[in-house]
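Working notes for the structure below.
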Amino acid sequence: MEAIVGVAVEVGLQQFKEAMIEGINRGSLEGQQMREIQIHLDYMLAFLRDADSKEESHSSQHQLLVKQIRELAHHIEDYIHRYVCTCAYCRRDGVSKLKKIYGFLKNMVTCSHLNQSDLKIFMSTMTTISDACRRYTDNNSVARSWYDCRGDALLLEEAELVGIDRPKAELKNLIYSVFGSPVFKVICVVGMGGSGKSTLVNCAYNDPTVKKNFDYHIWITVSESLKVEEVNTLLLDAIRQLGIGIQQQHPPQAAAELKKVLCDFLQTKKYIVVLDDMWKSTVWDSIKYAFPQNQFSRVVITTRSRNIIRAEVNTALYQMKLLSDKESWTLFCRKAFASTASSCPPHLKKISKSILKRCEGLPLAIAIIGGALGTKGDDIQEWERFSRSLGAELGDDGDNSYLNLISITKLLSLSYYDLRPDLQRCFLYLSIFPEDYVIEKMRLIRLWVAEEFVQERMGLTIEEVAEGYLIELVNRSLIQVAATTVDNKIKTCRIHDLWRELILSKSKEQSFVAIVSEQEQRQQQQQHSNNASTKYHVRRMAVHSFINNVEIMESHNFKGLRSLLMIRSSIDDFPINSILMQSSQHFNLLKVLHLRGANLDNFPDEVFNLRHLKYLSMRDTQVTTVPKSIGRLGELQTLDLKKTNVTQLPIEILGLKQLRHLLIYRYEMMADRFYVDTFGFEAPYAIGCLVKMQKLCCIEAGESRGIKTVKEIGKLSQLRRLGITKLKQEDGKELCSSLEKLSHLSSLSINSIDNNETIDLNHNMPNFPQFLRNLSLRGHLLDIPPFISSLNSLVRVYLRWSRLDTNPLLVFQDLPSLVQLHLENAYIGDELVFQVGSFKLLKKLTIESLENLKLVKVEDGALPCLQKLLFRKCNSMKELPLDLVNLLTLKVLEAYDMSNEFVRDGKDKKKAKHWSVYHIHRIAIR
45 MEAIVGVAVE VGLQQFKEAM IEGINRGSLE GQQMREIQIH LDYMLAFLRD ADSKEESHSS
105 QHQLLVKQIR ELAHHIEDYI HRYVCTCAYC RRDGVSKLKK IYGFLKNMVT CSHLNQSDLK
165 IFMSTMTTIS DACRRYTDNN SVARSWYDCR GDALLLEEAE LVGIDRPKAE LKNLIYSVFG
225 SPVFKVICVV GMGGSGKSTL VNCAYNDPTV KKNFDYHIWI TVSESLKVEE VNTLLLDAIR
285 QLGIGIQQQH PPQAAAELKK VLCDFLQTKK YIVVLDDMWK STVWDSIKYA FPQNQFSRVV
345 ITTRSRNIIR AEVNTALYQM KLLSDKESWT LFCRKAFAST ASSCPPHLKK ISKSILKRCE
405 GLPLAIAIIG GALGTKGDDI QEWERFSRSL GAELGDDGDN SYLNLISITK LLSLSYYDLR
465 PDLQRCFLYL SIFPEDYVIE KMRLIRLWVA EEFVQERMGL TIEEVAEGYL IELVNRSLIQ
525 VAATTVDNKI KTCRIHDLWR ELILSKSKEQ SFVAIVSEQE QRQQQQQHSN NASTKYHVRR
585 MAVHSFINNV EIMESHNFKG LRSLLMIRSS IDDFPINSIL MQSSQHFNLL KVLHLRGANL
645 DNFPDEVFNL RHLKYLSMRD TQVTTVPKSI GRLGELQTLD LKKTNVTQLP IEILGLKQLR
705 HLLIYRYEMM ADRFYVDTFG FEAPYAIGCL VKMQKLCCIE AGESRGIKTV KEIGKLSQLR
765 RLGITKLKQE DGKELCSSLE KLSHLSSLSI NSIDNNETID LNHNMPNFPQ FLRNLSLRGH
825 LLDIPPFISS LNSLVRVYLR WSRLDTNPLL VFQDLPSLVQ LHLENAYIGD ELVFQVGSFK
885 LLKKLTIESL ENLKLVKVED GALPCLQKLL FRKCNSMKEL PLDLVNLLTL KVLEAYDMSN
945 EFVRDGKDKK KAKHWSVYHI HRIAIR
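Each number in the working numbering comes from the position in the sequence shown (counting from 1) with 44 added on.
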């Protein structure tokens, strides 16, 4: 129901309010009815909030009423959405306010969807249900304030490591147990969901002493739904991680061929392979011969079943253990109080111990409960209320038996119901993604915003609020961080299997998301055969795979569809054109159309009838042109055409005044497989009128229009990320003037028109964006731009083809936030010296194609945090700098395409012994 109010207030915007107020003032029927609708909405919203907070205690009659309200909610949402959107011209510039209101109300009456007869029936139904809600509404429900944790550290990773030392040592000993003899070993780590199997294995897998004993390392996540005939995906993943080049064939290679490729490559190597979360023994049987039984090699499998590996020679079992009382308390306090046990207020200690006892040492349960309590402050009444709910979930009989799957599901449900409505919707939305799917942070945020799940807050962009939602869900242990950026920001995330099962169930129950997959379609076929009249109402449809287009059309009711998403990019034969054509009459309220990876070479004409579309992605398709009809999508916020062949936009794009994210660029690999070129798009001259733009990548300055284009950029004052290609030297002064106006800019990428063209940024810019975090410059530089030395927020710097004759390190060495530096053909000198105490936070350093470079010297105290160092194509270097060994934090040292002398020096046995120091995990020289 909160979604309904979100539509009325957020989507309807000022036109809805003005029309309703005008209707009430005039005494018109429409105005009176809209006022009544708002009153009924308030009652039903309060009722559903109460239902969500105490669902386990409701009677069947009460639950039936909840179901009726949810169904009515869909009709209300459609009604209000049409009410707001029928008069589309009201948003046009140049139309008087009075005329907008008059036209709005006139269209309200004449719209076929909103005739008076239907409206009276609708109002009668709403009144009946609303009256019932009044009798159940809990007026004493506690309102929750918005939890702003954007500045929180990623506590999840730290918290998960509580109590890891003992099992890690035991697992390492198991791995080492046969290092003294030439025996291949398969080790199964067994435990229930949430016991920390993957976390434990990951810690052992990345331990320096383990890493050093193997030449190659492979980590593969196995999907529960994986079929034996689909093992090619696992084998290809292993081949990719090993860097083996294979010839792509159509159709793809058979599993037998891929297994032979792997087996031949690993035949003489020492390797460790992790197969994470394996459910079926048949999967292991189908791939085990790809991994030869070499001396000292290991296969580690995490699984919930002891029977995953049949009785075989050289297998070992490790059973996961629960956390001790002390470890449980430490984890609980870190999640509940974001600190140590000493932070637990004395008046909460007794109830905390009582709550913790019920989690019985299971890490996932402790993290979930602690994360939920962490949002309640130190109000003991709130804690006691939560404790009573926990008792209802798990029982109060004092049973100390190990938590079974049903108990864990109840714990998950309790934490889910503890979320406020907007977070519940955001969390449920994750059900659109398949099992083990890695979710890009910004993609998820843009989808949340387009779906209108996120409430605006003063002083923040809607995307910043959404990022706060994501971090809160992470800190509650509801979402797992899959990968972070070099400065420890969330890059990708995923959802735990147990959580996914819960939200899939909730989504289906609430008609929130319908999944189109082979498994779901088979179930629907069976149900449809039992009841031919069954139609599944769909608000959002996510396509993972499919069997038959006709089955989709016959089994679903698309009326009121809000989102259509193709999630798997490998669904080449999904008939999207046919779906859109056959269901176009039902798609008129569509807000999200996600066709990433679809088999398309042009825009389907039906797309341009979707007047309320906010998010359109055709990334990874073969689309080459954007039709003029794009101008009809006046509500569009995100247009994602990344990795397509689009190179130009029509002037009609300037009519998309709501556009916030414009992504049109592709990368092309040059003959040298390490070299990537970026291609953007040519925009209309007046692109500066799109004043809500936050991300613009990548716009071409071009041959003849560069100055005009970069001048327009200065009008986009809300830009956060900007990418420019084909810049010329004479465009520099105007570009600098524009950049000064972009005070919110956090990421800037500039590519010159060719590698010999100078990028001229050496102009006085006292107001250059001070919060810039990412800077990439490709092109000749006469000198390092002077403004860089003052950028205290700068995290990443990429310099390519700069060909500076002065040492660039002198400018960057004292930047307080710099963690990554990439120098590619950036310096023509023969020596790089990292001075005493310089680059205090740098973690990753790449030195590439510095043809004249002979010497790299690291003075005492320099690069104290460096973790990865890469040399490539520095052909004048003849030997490895020995003082790099003093970098005690260095984990990875790689050198590729270097001179023969350098390679011989690096592989010299005497020097190799010198380099085989404890702290370096990986040394690769070739």
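Glycine is no exception: its CB is placed at the ideal position from the N, C-alpha and C atoms. Here the structure is a predicted model, which is why all the values come from computation and not from measurement.
- Proximity of the stretch 465-472 to the stretch 633-641 falls short of the contact definition, fewer than three beta-carbon pairs being nearer than 8 Å.
- Nearest to PHE878 by alpha-carbon distance, out of LYS901, LEU786, ASP949, is LYS901.
- DSSP places ALA299 in the helix class (H, G or I) of the three-state scheme.
- Contact between THR691 and PHE647 is ruled out by a C-beta separation of about 15 Å, above the 8 Å threshold.
- Taking THR688 as reference, the option from ASP721, ASP645, GLY678, SER673 with the minimal CA-CA separation is ASP645.
- Judged by DSSP in its simplified three-state form, LYS770 adopts strand.
- Collapsing the DSSP output to three states places CYS232 in a strand.
- CA-to-CA, the gap between PRO336 and LEU319 works out to about 15 Å.
- From the listed residues PHE556, HIS391, SER457, LEU456, the smallest Cα separation to GLN425 is found for HIS391.
- In the DSSP assignment, LYS739 falls within the unbroken beta strand (DSSP E) covering 739-744.
- If you draw a straight line from the Cα of ARG640 to the Cα of LEU366, it is about 42 Å long.
- Contact annotation: TYR220 and PHE258 have beta-carbon atoms that are not nearer than 8 Å.
- For HIS391, the secondary structure class from DSSP, reduced to helix, strand or coil, is helix.
- Assignment of MET486 by DSSP, reduced to helix, strand and coil, places it in the helix class.
- In this structure, LEU707 sits near ASP684, with a CB-CB distance shorter than 8 Å.
- With fewer than three CB-CB distances shorter than 8 Å, the stretch 510-525 does not count as touching the stretch 728-735.
- At least 8 Å separates the beta-carbon of VAL855 from that of LEU886.
- The residues LEU789, SER790, SER791, LEU792, LEU835, SER837, LEU838, in chain order, have a CB closer than 8 Å to that of LEU816 in the same chain once the five nearest residues on each side in sequence are set aside.
- In the three-state DSSP reduction, LEU934 falls in the coil class, being neither helix nor strand.
- Following the DSSP letters along the chain, one finds TRP373 inside the alpha helix (DSSP H) bounded by residues 369-381.
- Buried is the label assigned to GLY235, since at least 16 other Cβ atoms lie within 10 Å of its Cβ.
- Between the beta-carbon of LEU924 and that of ASP949 there is about 6 Å, and that keeps the pair under the 8 Å contact cut.
- Distances from the CA of SER920 to each of TRP543, THR933, VAL936, ASN944 were compared; the closest alpha carbon is that of ASN944.
- Within a 10 Å sphere around the beta-carbon of GLU778 sit 16 or more other beta-carbons, which makes this residue buried.
- A distance below 8 Å between beta-carbons, with the five flanking residues on each side excluded, links LEU218 to the following residues of its chain, in chain order: ILE231, ALA360, TYR362.
- Per DSSP, reduced to three states, the secondary structure at VAL880 is coil, with no helix or strand assignment.
- By the Cβ neighbour-count rule, GLN339 is exposed, with fewer than 16 other Cβ atoms within 10 Å of its own.
- ILE264 carries a strand assignment under DSSP once its states are collapsed to helix, strand and coil.
- In the DSSP annotation of this structure, the continuous segment of the alpha helix (DSSP H) that includes LEU215 starts and ends at 209-220.
- The beta-carbon distance between THR346 and VAL498, rounded to whole angstroms, is 35 Å. This is too long to meet the 8 Å contact definition.
- Between the alpha carbons of GLU784 and LEU932 lies a gap of roughly 41 Å.
- Counting only unbroken stretches of 3 or more residues, the beta strand (DSSP E) elements lying wholly within the stretch 852-917 are 864-868, 875-878, 888-892, 899-902, 912-916, in sequence order.
- Straight across, the Cα-Cα distance linking LEU491 with LEU865 is about 32 Å.
- In the three-state reduction of the DSSP assignment, VAL582 falls in the coil class.
- Looking from the CA of SER561, the closest CA among GLN554, MET585, HIS540 belongs to MET585.
- Annotation: TYR333 is outside any beta strand (DSSP E) and is labelled neither H nor E by DSSP.
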